[in-house]
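What follows is the structure, given as structure tokens:
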């Protein structure tokens, strides 16, 4: 039986929702942190700690949410995320003490796991099985522009309404995505549309375990770097010599790099095995951080960093969803991938504070060099995964 088809219009619905949902939740701290620190007097560590707490929550509930999507579908799960994100943004807007601020981030952590890419990918896998690959690529096209749209938008809203008023606008936008998520069908792909379980046997089990470990390492490192860059990319570029006035618009080009790379993948990537695409994507990331090493960072270097990092991260986001379609059993996609992603969320939770500590203790350039080494380890793991996938095929 051929792979099931994704219903017409669902790609546009999910792509639009991902653009908004990423912008009002995951990328929130990158533009709001300075305003919150300035008004409240809370330390940068305390403010960024709320974002880290949200990532811990995402890791703790990851496998459970995956099982929920496998059983119930994406409509109820992602709709719940829309409501909880509005609650979380409202709590942040009204926070005059750190306990309320952290409570807002706990709610946002639940919301992010319920309605960001991993939930959308699992919903598509439930609907279309192994036929979800093309849809996964396409919904990331709009989602990749979240930082490009919402970092400048958030900055403008803070200037006009203050950070508390801007967060209430974000809460309203979250409720607007409820109408999009209610359009997700509850259809389940027929059995023939799913990637079957690996054949029993010691060699197959060893292969499956090795693929799982390598995949988990790649997505864990990607999540760590993404969390660090989402909260500190603007500050890092400013500290490397660009200054805040240039760092904000250049960092926003990260989204352009993400979307451009994903567009190329949509147009031509269907000829490539997901493991090959993953290797190419992770090879770009060390080059992005290498562009920051010459001192001082100029416009050309900042542009190269933002666009290359966006391109590599954007493609890794796609392979994070498409690789499991060919490596594992898609009938339990949500549960299995949720379990493999959990360590990444927990490690990424420490990234904003660890990155801030490294930058303060070692300097911005040394911190960028360490990030380059971490990205290089992703490339090596991806090369091993590529080799395993070829041998298995």
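Numbering (the working numbering), first residue to last: 5 to 397. Note that CB positions come from ideal geometry on N, CA and C, so glycine has one too. Bear in mind the structure is a predicted one, so any value in this text is a computation, not a measurement.
With respect to residue 135, residue 115 sits apart: the two C-beta atoms are not nearer than 7 Å. The Cβ atoms of residue 175 and residue 93 sit closer than 7 Å to each other. By alpha-carbon distance to residue 120, the top candidate from 273, 102, 25 is 25. In this chain, the alpha helix (DSSP H) harbouring residue 249 covers 248 to 256. Between residue 246 and residue 306, the gap from beta carbon to beta carbon is short of 7 Å. Here the alpha carbons of residue 341 and residue 218 stand approximately 13 Å from one another.
Inter-residue distance for residue 83 and residue 308 is about 37 Å (C-alpha atoms, whole angstroms). Setting aside the 5 residues that flank it on each side, residue 61 is surrounded in the same chain by 110, 113, 114, each with a C-beta closer than 7 Å to its C-beta; the list follows chain order.
Taking a 10 Å sphere around the C-beta of residue 13, we find fewer than 16 other C-beta atoms and assign the residue as exposed.
The criterion of a C-beta distance shorter than 7 Å is not satisfied by residue 381 and residue 283. Setting aside the 5 residues that flank it on each side, residue 187 is surrounded in the same chain by 17, each with a C-beta closer than 6 Å to its C-beta; the list follows chain order.
For residue 185, the enclosing alpha helix (DSSP H) has its first and last residue at 150 to 185. For the options 214, 318, 286, the alpha carbon positioned closest to that of residue 260 is the one of 318. Cβ contact annotation for residue 355 (same chain, cutoff 7 Å, sequence separation greater than five): 228, 231, 232, in chain order. Scanning 11, 27, 389, 15 for the CA closest to the CA of residue 210 turns up 389. Under the DSSP assignment, residue 26 falls in the alpha helix (DSSP H) whose first and last residues are 14 to 28.
Looking only at 124, 31, 285, 67, the smallest Cα-Cα distance to residue 10 is reached by 124. At a Cβ-Cβ threshold of 7 Å, residue 310 and residue 358 do not count as neighbours.
Here the stretch 269 to 288 lies against the stretch 368 to 384, with 3 or more beta-carbon pairs under 8 Å apart. If you look at residue 73, you'll find it in the alpha helix (DSSP H) that goes 48 to 76.
Listed in chain order, the alpha helix (DSSP H) runs fully inside the stretch 277 to 336 are 278 to 294, 303 to 331, counting runs of at least 4 residues. Here DSSP, grouped into helix, strand and coil, assigns residue 234 to helix.
With distances taken between CA atoms, residue 76 lies nearest to 126 out of 126, 244, 304. Put simply, of 299, 78, 236, 298 the residue whose alpha carbon is nearest the alpha carbon of residue 364 is 236. Residue 268 sits exposed, since fewer than 16 C-beta atoms from the chains shown fall within 10 Å of its C-beta. Between the alpha carbons of residue 163 and residue 31 lies a distance of about 17 Å. Nearest to residue 394 by C-alpha distance, out of 281, 368, 298, is 281. In this structure, the beta-carbon distance from residue 251 to residue 241 falls below 7 Å.
About 6 Å separates the beta carbons of residue 238 and residue 34, which is inside the 8 Å limit, making them a contact pair. A direct Cα-Cα distance of roughly 11 Å separates residue 172 from residue 89. Counting the other CB atoms within 10 Å of its CB gives residue 391 a total below 16, which places it among the exposed residues. Residue state for residue 358 is assigned as helix, using DSSP reduced to three classes. At the C-beta level, residue 158 and residue 262 stay beyond 7 Å of one another. Looking only at 104, 294, 98, the smallest Cα-Cα distance to residue 50 is reached by 104. Between residue 266 and residue 145, the gap from beta carbon to beta carbon is short of 7 Å.
In this structure, residue 122 sits away from residue 339, with a CB-CB distance that is not shorter than 7 Å.
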